[in-house]
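**Student:**
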Amino acid sequence: MSDIKDIALAPSGQQKIDWVSRYMPVLTGFREEFSAGKPFSGVRLAVCIHLEAKTAYLVQTLLACGASVAVCASNPLSTQDDVVAAMAKSGANVFAIHGETEEQYNDHIKSVLQTNPNIIMDDGGDVVATLHRQFPALTAQVWGASEETTTGVLRLKAMERAGELKIPVIPVNDAQCKYLFDNRYGTGQSVWDGIMRTTNLIIAGKRVVVAGYGWCGKG
């Protein structure tokens, strides 16, 4: 049921997942405690997120705990095709290809929603927005959603004010450990790391313009 680049890439992706799992003790502890009892058995999850090794370990943990998981990418440019293949081989329905077109991106969101999820884990609000615009009948069976980004939270709060939001949403981005640590320090560090690796420039002494001064911009 998946739409991915190449399932043969799975061994490479699983190596990455196995490596990061050694540095994710909380998720590992959760998996060890709950995988035997399968508390998520019968639960259908839709996950829209950056698809790389750490998030793949989350997906595999949810699968190990009994959930049925459908996955799409929140950003096609961050998708790692080998990790995607490993998730698909683990039993997730994955709809993601690195560099996919906007049309493919939208089709993959629809494919995830067509699995009739009970819970949505969103990044940017696209899945929840598409649910309401194109699959309104499905809202009755969705128990709730989570949203991890500032952009997504703002979009969904606008929907709420307009009376359009029909499901409960947990704004993960509003957690202090998210915006005070991840947004401010994680984003700031990773942006500079990405710029320096991509351009091979030394940034000391350079003049920089930062557009926006929320927690990410401050970082």
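Using the numbering used here, the first residue of the sequence shown is number 995, and each one after it goes up by one. Glycine is no exception: its CB is placed at the ideal position from the N, C-alpha and C atoms. The structure displayed is predicted, hence computed values, not measured ones.
Distance check for Thr1192 and Ala1067, CA to CA, integer angstroms please.
**Tutor:** Computed Cα separation, rounded: 22 Å.
**Student:** Identify which residue in Gly1007, Arg1178, Met1153, Gly1199 has its Cα closest to the Cα of Leu1045.
**Tutor:** When only C-alpha atoms are compared, the closest one is Gly1007.
**Student:** Looking at the structure shown, is Ser1015 part of a helix, part of a strand, or coil, going by DSSP?
**Tutor:** Here Ser1015 sits in helix by DSSP.
**Student:** Who are the near neighbours of Met1115 in its chain, counting only those whose CB is closer than 6 Å to its CB and skipping five residues on each side?
**Tutor:** Excluding sequence neighbours, Met1115 sits near Val1041, Ser1140.
**Student:** Is DSSP giving Ile1161 helix, strand or coil here?
**Tutor:** In the structure shown, Ile1161 sits in coil (DSSP, three-state: anything other than H, G, I, E or B).
**Student:** In chain order, which beta strand (DSSP E) runs of at least 3 residues are fully inside the segment 1083 to 1118?
**Tutor:** Fully enclosed beta strand (DSSP E) runs of 3 or longer: 1087 to 1089, 1113 to 1116.
**Student:** Around the Cβ of Gly1138, are there at least 16 other Cβ atoms within 10 angstroms (buried) or fewer (exposed)?
**Tutor:** Exposed: under 16 other Cβ atoms inside 10 Å.
**Student:** Do you know how far the Cα of Gly1146 is from the Cα of Ile1164?
**Tutor:** Using only the alpha carbons, I get a separation of about 11 Å.
**Student:** Does DSSP put Ala1123 in a helix, a strand or coil?
**Tutor:** Note: Ala1123 maps to helix in three-state DSSP.
**Student:** State the CB to CB distance for the pair Leu1039 and Ile1113, rounded to an integer number of angstroms; the pair is presumed to be in contact (CB under 8 Å).
**Tutor:** Contact flag correct, Cβ pair sits at about 5 Å.
**Student:** Identify which residue in Ala1152, Pro1111, Val1065, Asp1117 has its Cα closest to the Cα of Ala1134.
**Tutor:** Ala1134 has its Cα closest to that of Pro1111, out of Ala1152, Pro1111, Val1065, Asp1117.
**Student:** Could you give the DSSP three-state label for Arg1038: helix, strand or coil?
**Tutor:** The answer is strand: DSSP assigns Arg1038 an E or B state.
**Student:** Within 10 angstroms of its Cβ, does Trp1209 collect 16 or more other Cβ (buried), or is it exposed?
**Tutor:** So Trp1209 counts as buried.
**Student:** Do you know offhand how far Leu1195's Cα is from Phe1089's?
**Tutor:** Going from the Cα of Leu1195 to the Cα of Phe1089 covers about 36 Å.
**Student:** Distance, Cα to Cα, Val1037 vs Val1202?
**Tutor:** Roughly 47 Å separates the two Cα atoms.
**Student:** If you draw a straight line from the C-alpha of Leu1107 to the C-alpha of Phe1129, how long is it?
**Tutor:** The alpha-carbon atoms of Leu1107 and Phe1129 are separated by roughly 8 Å.
**Student:** If you run the structure through DSSP and keep just helix, strand and coil, what is Ile1189?
**Tutor:** The answer is helix: DSSP assigns Ile1189 an H, G or I state.
**Student:** With a threshold of 16 other CB atoms inside 10 Å of the CB of Glu1158, please say whether the residue is buried or exposed.
**Tutor:** Classification of Glu1158: exposed, given that the 10 Å Cβ count is below 16.
**Student:** Whole angstroms are fine: how far does the CA of Ser1015 sit from the CA of Cys1171?
**Tutor:** When rounded, the distance between both Cα atoms is 21 Å.
**Student:** If we count the other Cβ atoms within 10 Å of its Cβ and call it buried at 16 or more, is Ser1072 buried or exposed?
**Tutor:** Flag for Ser1072 reads exposed.
**Student:** Measure the CB-CB distance between Arg1025 and Thr1049 and report whether it falls below 7 Å.
**Tutor:** Contact: no.
**Student:** If we count the other Cβ atoms within 10 Å of its Cβ and call it buried at 16 or more, is Glu1142 buried or exposed?
**Tutor:** Its Cβ being crowded by 16 or more others within 10 Å, Glu1142 is buried.
**Student:** Taking Cβ to Cβ, would you say Ala1064 is nearer than 7 Å to Ser1029?
**Tutor:** Taking 7 Å as the Cβ cut-off, Ala1064 and Ser1029 do not qualify as a contacting pair.
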